[in-house]
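Down below is the structure, laid out as structure tokens.
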Amino acid sequence: MEFLNFTHDQSAADLVAAVYPTQPLAYIHSYGCQQNVSDGERIKGVLIDIGFGLCDSPENADLVLFNTCAVREHAEQRVLGNVGALKPLKEKKPGMIIGLCGCMANQQQVVDKIRKSYPYVDLVFGVDGIDTLPALLAQKLQQKKRILMDPAQRPVIVEQMPVCRDSKFRAWLPIMYGCDNFCTYCIVPYVRGREKSRRSADILAEFKQLVAAGYKEITLLGQNVNSYGKGLDENIDFSDLLNLLCAVPGDYQIRFMTSHPKDASRKLIDTIAAQPHLCKHLHLPVQCGSNRVLQEMNRRYTVEQYLELVEYARQRVPGITFSSDIIVGFPGETEEDFQGTIDLVKKVGYMQLFTFIYSKRTGTKAAEMEDPTPRKEKTDRMQRLLNVQEKIAMELIHRQVGQTVRVLVEGFGRAEGNLVGRLDNNLTVEFAADESLIGSYANVKLTDSRATVLLGELDQ
Ligand code: SAH
Ligand code: SF4
Ligand code: F3S
-7 MEFLNFTHDQ SAADLVAAVY PTQPLAYIHS YGCQQNVSDG ERIKGVLIDI GFGLCDSPEN
53 ADLVLFNTCA VREHAEQRVL GNVGALKPLK EKKPGMIIGL CGCMANQQQV VDKIRKSYPY
113 VDLVFGVDGI DTLPALLAQK LQQKKRILMD PAQRPVIVEQ MPVCRDSKFR AWLPIMYGCD
173 NFCTYCIVPY VRGREKSRRS ADILAEFKQL VAAGYKEITL LGQNVNSYGK GLDENIDFSD
233 LLNLLCAVPG DYQIRFMTSH PKDASRKLID TIAAQPHLCK HLHLPVQCGS NRVLQEMNRR
293 YTVEQYLELV EYARQRVPGI TFSSDIIVGF PGETEEDFQG TIDLVKKVGY MQLFTFIYSK
353 RTGTKAAEME DPTPRKEKTD RMQRLLNVQE KIAMELIHRQ VGQTVRVLVE GFGRAEGNLV
413 GRLDNNLTVE FAADESLIGS YANVKLTDSR ATVLLGELDQ
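Mapping to our numbering: the sequence shown position 303 is 295, numbers consecutive.
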């Protein structure tokens, strides 16, 4: 692994200044997971570094960039639909540059399709190419031809990239990139490449900057944070990294995602128990409640091992909550397998569940598996799962009523005059308060719950 430091591209900046009579504007839309949103913030930073401003609609933009997600077919179709919708605008404003980057751009068949069927897309680059964007743009502005980069994976980590964060109080902090797990349904290892960890000193330096800048919540990101540290020269694991960061003084909380159950260790749970800066919540995607399907998915844990970990966490960290991702309708999933998922969901009692119907991804192992279950059956299973989960969540959430809790105030609530705050355990509460509280901590008494939303009163 090679570590590089980002360098400012003055010649690209000069060219941008020469080509555009007034400051050019960029519109960046990120789809998909937090990792992509975080990449989007770096893309914005890099563009600002060469003289761009930002705008929030394609109509006013000189550069439109779609930072895409490939995890499910639906996600890809949405992106292509949105790209297609820009065609009339491009005809009116031929100087506008339309670009596509992110995970879709790391699939050869997508790049080929863009080359052939989307002639008004001028620029394509993959997830490892953010630092090269100034040079690619300069090339585009000079040569006036399409710059479509074929997918390539670089065994490189680029540090000190400029970043333009979307929030003033919640920050994403990537600690690693890529994934080596090859769950059989998943495209991420193919589009994001091999797992690579940032050096702890680089993470710590960025973390300290965030705390000094007043960030109240810092979320550490990786596809599998529990395998942090592999391949580094230093001898460090994820719990060690958490301890290192928690030693930084300040008023902040740390979240992290995603924890792969096969690597989430007792040491991690003990660290959560010991460190007040760590939120008492674990996103621990189980995917399925059948050992047979888990094996077919290459998840490398059993339902029993998963439940054991949950039980250990409940004992060590009173009040800890769990959330999960679940795939319904994996190839060959039987009604019995699905009942296993329902049983598991009931046993754990998740506060939140992110549920997906299996989507076939070309190039993955599962795409080769027999998948005889009709779509209708899969949507029916999904609905049954959602019904079960809704009841569980409503009950668990209602049980919180009566407590007074510290929340981070995130923004406006649904009702006029209400704000919304997030509890340590990742639930949200609506309460009446002045908007000046947004971005700070407040104590809130939980007075009631409506469906899955808590209601509360400011406790002064
Ligand atoms: N690295 C994380 C998340 C990866 S993608 C993890 O291991 O949990 C986020 C979620 O998308 C996954 O947890 C999975 O539930 C879902 N997902 C991934 N590939 C999918 C597919 N082909 N069809 C349906 N859902 C999928
Ligand atoms: Fe995909 Fe599995 Fe890696 Fe998560 S751990 S990104 S589900 S391959
Ligand atoms: Fe999507 Fe890429 Fe994230 S495929 S889920 S944006 S890693």
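For glycine and all other residues, C-beta sits at the position ideal for the given N, C-alpha and C.
So Ile139 packs on Ala62, CB below 8 angstroms; how close in whole Å?
Wrong, their Cβ atoms sit about 21 angstroms apart, outside the cutoff.
task = Ignore the nearest five residues each way along the sequence and tell me which others in Phe230's own chain have a CB closer than 6 angstroms to its CB.
result = Val217, Asn218, Tyr220
(message) Considering only their Cβ atoms, is the gap separating Asn52 from Val183 smaller than 7 angstroms?
(response) no
If you count every other CB in all the chains shown that lies within 10 Å of the CB of Glu382, and 16 or more means buried, which is it?
exposed
| Measuring CA to CA, which of Ile35, Asp41, Trp164 is closest to Asp120? | Ile35
Check: What residue range is occupied by the uninterrupted alpha helix (DSSP H) comprising Gly332?
Finding: 327 to 340
### Task
Specify, as a first and last residue, the run of the alpha helix (DSSP H) that Ala130 falls within.
125 to 135
Can you find the residues in the same chain that come closer than 7 angstroms, C-beta to C-beta, to Asn173, ignoring five residues on each side of it along the sequence? Pro181, Asn216, His252
query = Looking at C-alpha atoms only, which residue of Arg247, Thr124, Gly45 is the closest neighbour of Phe199?
reply = Arg247
Query raised in the report: Of the residues Phe(-5), Leu429, Lys208, Asn290, which one's Cα is nearest the Cα of Lys357?
Result: Asn290
- Phe248 - containing beta strand (DSSP E), residue span: 245 to 249
For Ser192, which residues of its own chain have a beta-carbon under 7 angstroms away from its beta-carbon, when the five flanking residues on both sides are left out?
-> Glu226, Ile228, Leu233, Leu236
Separation of Arg190 from Val436, as counted between CA atoms: 37 angstroms
Q. Ordered along the chain, which non-local residues of its own chain (more than five positions away) have a Cβ less than 7 angstroms from that of Lys82?
A. Met88, Ile90, Tyr112
Tell me where the alpha helix (DSSP H) around Val38 begins and ends.
-> 26 to 41
(Q) I need the residues with a C-beta less than 6 angstroms from some heavy atom of the ligand ATP; please give them in chain order. (A) With respect to the ligand ATP, the structure offers nothing, as its ligand set consists of the ligand SAH, the ligand SF4 and the ligand F3S.
Nearest to Thr326 (by Cα), restricted to the options Gln307, Lys370, Gln69 = Lys370
Worksheet entry | the segment 17 to 26 contacting the segment 130 to 149, beta-carbon criterion three pairs below 8 angstroms | no
Does the segment 31 to 50 come close enough to the segment 125 to 132 that 3 or more CB-CB pairs lie under 8 angstroms? yes
query: Using CA coordinates, which residue listed in Thr354, Leu388, Val309 is at the minimum distance from Lys339?
result: Leu388
Q.
Alpha carbons only, please: which of Thr(-1), Gln245, Leu57, Phe346 is nearest the one belonging to Glu151?
A. Thr(-1)
task: On the DSSP bridge assignment, give the partners of Pro166 in chain order.
output: Leu213
Problem - Collapsed DSSP secondary structure at Leu224 in the structure displayed - result: coil
- Task: Confirm, please, whether the CB-CB distance from Tyr298 to Val278 is below 7 angstroms.
- Result: yes
Taking the continuous beta strand (DSSP E) assigned at Gly403, which residues delimit it? 396 to 404
Coil, strand or helix - Gly206 by DSSP:
coil
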